Each structure stands twice: as structure tokens, then as C-alpha cells.
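Please read the structure below before turning to the comments.
There are 2 protein chains.
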Amino acid sequence: MQSKNARTLSFETALRAAGIRMTRQRRTILEVLAESEAHPDANQLFRDVLARDTSISLSTVYRTMRILEERGAIQRHIFDDGRARFEHSDREHHDHLIDIETGRVIEFRSEKIEQLQAEIAAELGYELVRHRLELYGVPKKSGARASRGRK
Amino acid sequence: MQSKNARTLSFETALRAAGIRMTRQRRTILEVLAESEAHPDANQLFRDVLARDTSISLSTVYRTMRILEERGAIQRHIFDDGRARFEHSDREHHDHLIDIETGRVIEFRSEKIEQLQAEIAAELGYELVRHRLELYGVPKKSGARASRGRK
DNA sequence: GTTGCACTTGCAAATGCGTGTCAATTTGCT
DNA sequence: AGCAAATTGACACGCATTTGCAAGTGCAAC
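Quick mapping for you: the protein sequence lines, in order, are chains A and B. Its first residue numbered 1, the first sequence is counted upward by one per residue in our numbering. Its first residue numbered 1, the second sequence is counted upward by one per residue in our numbering.
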């Protein structure tokens, strides 16, 4: 559980090492993304960034996201709304459960499912490279306890 | 395993019952989709349809797909290329494995995974409404047996 | 079979999200 | 400071899909 600053910092260090220049715009974008606990799309990110620095364009947000994705620093997810959403790669792999009513995204991880997927692929003659698993659901009414998996 | 005609016919009957007019264009589109063993996107479908009837527009293909989807007659899938692909709903539920090298789509079904997903959702306080599971892989080299799961 | 009207269609233009272009600016190095 | 190369903002463009609208068509009622 590293601090926001540390997270942003490690980002910067990694990018510098990859020969990527650290500009004012990129620094701001990285800060905002690092602090975000959600899965923002390009537009959301753009708005959040604008709040700190009015001289950043949407193009730059898109470009930065692409660069970060190529470097493996972030991950891009496309849920059913068709828009790309971004999140840090510095956490362990996980899948997503999307609340149909609110759009809230909950992260989870299941070893069993991970393993089953590999087995299924193997059975079909394939080597699993990656997968996409999204659960879409509504909060249970009875004995509601929908406070797990923060964020 | 019903014949192509029967499949198209049941489609028509269902649509009529739902108050949807059976036009020449819709009939052709339905026929082509019913006979298709693949997961065509709008453009592919459009081309296939054009081969039988030159007076059908891409708009109509899109509109028809939307209507059919709303009625639950077909399912829409969006894999990593971002385009929508369509398939009949008259088969049992299944997930997809996509061959990264060829783009081939293989269908599979795993009760264990289905069940695990529901369990995970429940644990997080949600009732599972639907899910999306896609495996992306490459054919195994050793003792290749990648001829399973036709289509 | 003719009629009437709501439903459909084709076409062109419009969306929405994302990428390409390019002149002007900025960065990192010396 | 001085410069080459990387980066940026503004805007044009690309692609898949949707929409507005005038003209055409299915089909229930005569």
C-alpha cells in the first residue's frame, strides 16, 4: 500500500528509464491517474486533468494513455459501453464485476477461474495468452452486504 | 439439429408474433444469418446479403440487427477488434476462445466456470445477470490437436 | 384487389471515440 | 545558452454505427 506520491514517482522513474520525456502534461496526467480509485475513460480523465491544468488537450490524454499502455504501465479495459477505461498496472491481475445499475466497477480475483480457463484452452488445443472476464450484475436485495471489494 | 429452412422459418414466425413486418430485406438478412456458421460482423453480413439481393443497405442490416437483439433473437458480441459480431440465440449459451493468429472463433461451455462466476458475484453481494468471457490464445505446437470445436 | 397508413427503407449526413498530421513549442543534453 | 529530437494543441480524418427524412411497402380492412 504505497502512497500516492510514491506511486506517481515510481511511474516517472520507469518512464524516464524507458527514454520517455517527463513533460508538465504527462506529470499531471500521471498524478491524476495514480490518485484515481476508479476506472476512468479518456474523457473523465481529461476533465479531472483540466481541473489542475487548463492547458492540456484531449489528444495528449489519448496519446499518453497509448504510450503508457505500450510500456505496460497501464491497462485498457473496454466494457459493454464500448469506451476504453484505464487503470494502473501496478496491482495484481484481476477481473471485473460491473454493477449494471450504477456502473460501479468492482475488482476480484479467483484462482480457480484462472486455472479453469487455462485448462479449457489447453483442452481445445490452445495456449492461453490472455483473457477477458466481466460479470454484470445487480446488488442482491436480501441481507445486502454489497460493501466488499472497495472501489 | 433443425434444417436451415426450419431455423429461418421459426425466426419469421417469432417475429410476426412480435408484430414485426416481414419485408424482403429482413427475410434475406435472416436467411443469411441463419445459414451462417460463423460470427459475422455487420459488414460481412452486408456483403453476404448483397450476394442475394443488391437492393439492401448497410443501414438496414444494422437496424435489423438491433431489432433482433432487442427481441432476444440474436446475440451481439464485441471481441478485441471492437466490431460487433452477431449469432443466433437458438443455441445453448457458450463462451468464446479466439485464435489470436487467425481470428478464428471457437465456442465452448464450462459448467464449472458458469457456477464459479455466480458464486463470485454472490460473494460480492451481487446477483449475476450476465457475463462475458473470452479466451485469447495461440495453437499449441506440441502434439497439435486444434481441430476440436468446429466453426 | 384496392386502399390507407403506419412501418420500413435507402441515402446522405451526423455521431462518438479514437488516431493522424503538422507547425509551433518544449525537453534533455552539452 | 544552444540545438536536435520529442512533444504538444488544434483540427482533419477514419471507422463503425446511428439517425433524419422523403419515398416505398406490408398488411389489415374494405
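Just so you know, even glycine gets a beta-carbon here, dropped at the ideal spot from N, CA and C. Note that the structure is predicted; figures quoted are calculated from it, not measured.
Cα-Cα separation between residue i and residue j, rounded to whole angstroms
i                 : j                 : result
Gln44 of chain A  : Glu134 of chain A : 21 Å
Arg128 of chain A : Arg104 of chain A : This sequence places Leu at residue 128 of chain A; Arg is not what is there. Each residue's Cα considered, the two are about 28 Å apart.
Tyr126 of chain A : Phe46 of chain B  : 31 Å
Gly82 of chain B  : Ser36 of chain A  : 26 Å
Ile56 of chain A  : Arg27 of chain A  : 11 Å
Ala14 of chain B  : Leu15 of chain A  : 57 Å
Ile78 of chain B  : Glu12 of chain A  : 34 Å
Lys140 of chain B : His94 of chain A  : 25 Å
Ala84 of chain B  : Thr64 of chain B  : 13 Å
Ala34 of chain A  : Thr23 of chain B  : 54 Å
His96 of chain B  : Ile29 of chain A  : 36 Å
Arg150 of chain A : Leu124 of chain B : Below a pLDDT of 50, predicted positions are generally treated as unreliable, and Arg150 of chain A, at 42, falls in that range; no measurement from the model is reported.
Pro40 of chain B  : Ile113 of chain B : 26 Å
Ser59 of chain A  : Ala42 of chain B  : 29 Å
Thr102 of chain B : Arg52 of chain B  : 28 Å
Ile100 of chain B : Thr54 of chain A  : 41 Å
Ile74 of chain B  : Asp80 of chain A  : 16 Å
Arg76 of chain A  : Arg130 of chain A : 13 Å
Gln108 of chain B : Glu70 of chain A  : Before going on, a small fix: residue 108 of chain B reads as Phe here, not Gln. Using only the alpha carbons, I get a separation of about 31 Å.
Any C-beta of chain B under 8 Å from that of residue i
i                 : result
Lys140 of chain A : yes
His77 of chain A  : no
Ile67 of chain A  : no
Gly19 of chain A  : no
Ile29 of chain A  : no
Leu45 of chain A  : no
Glu12 of chain A  : no
Test: residue i CB closer than 8 Å to a CB of chain A
i                 : result
His94 of chain B  : no
Gly103 of chain B : no
Leu58 of chain B  : no
Ile74 of chain B  : no
Leu33 of chain B  : no
Gly137 of chain B : yes
Leu97 of chain B  : yes
Near the ligand NAD: residue i beta-carbon under 7 Å from a heavy atom
i                : result
Thr23 of chain A : The ligand NAD is not part of the structure shown, which contains no ligands of any sort.
Among the options, nearest to residue i - alpha-carbon criterion
i                 : options                               : result
Arg21 of chain B  : B:Gln115, B:Leu50, B:Leu68            : B:Leu68
Ile98 of chain B  : A:Arg132, A:Asp41, A:Glu31            : A:Arg132
Leu50 of chain B  : B:Glu37, B:His39, B:Glu31, B:Arg66    : B:Glu31
Ile106 of chain B : B:Thr23, B:Ala38, B:Glu92, B:Gln25    : B:Ala38
Ser110 of chain A : B:Ala121, B:Glu111, B:Phe108          : B:Ala121
Glu87 of chain A  : A:Ile100, A:Thr102, A:Asp80, A:Arg66  : A:Arg66
Arg162 of chain B : B:Asp41, B:Gly72, B:Arg24, B:Gly137   : Because residue 162 of chain B is not part of the residues shown, which for chain B are 1 to 151, the question remains open.
Gln25 of chain B  : B:Val61, B:Asp41, B:Lys112, B:Glu70   : B:Val61
Gly137 of chain A : B:Ser89, B:Val138, B:Phe108, B:Glu119 : B:Glu119
Residue environment, residue i, which counts as buried when at least 16 other CB atoms sit within 10 Å
i                 : result
Ala18 of chain B  : exposed
Asp48 of chain B  : buried
Gln117 of chain A : buried
- Message: What are the residues in the segment 105–135 of chain B lying within 8 Å of chain A by C-beta distance?
- Response: Within the segment 105–135 of chain B, the residues whose Cβ lies closer than 8 Å to some Cβ of chain A are Ile106, Phe108, Ser110, Lys112, Ile113, Leu116, Gln117, Ile120, Ala121, Ala122, Glu123, Leu124, Gly125, Tyr126, Glu127, Leu128, Val129, Arg130, His131, Arg132, Leu133, Glu134, Leu135, listed in chain order.
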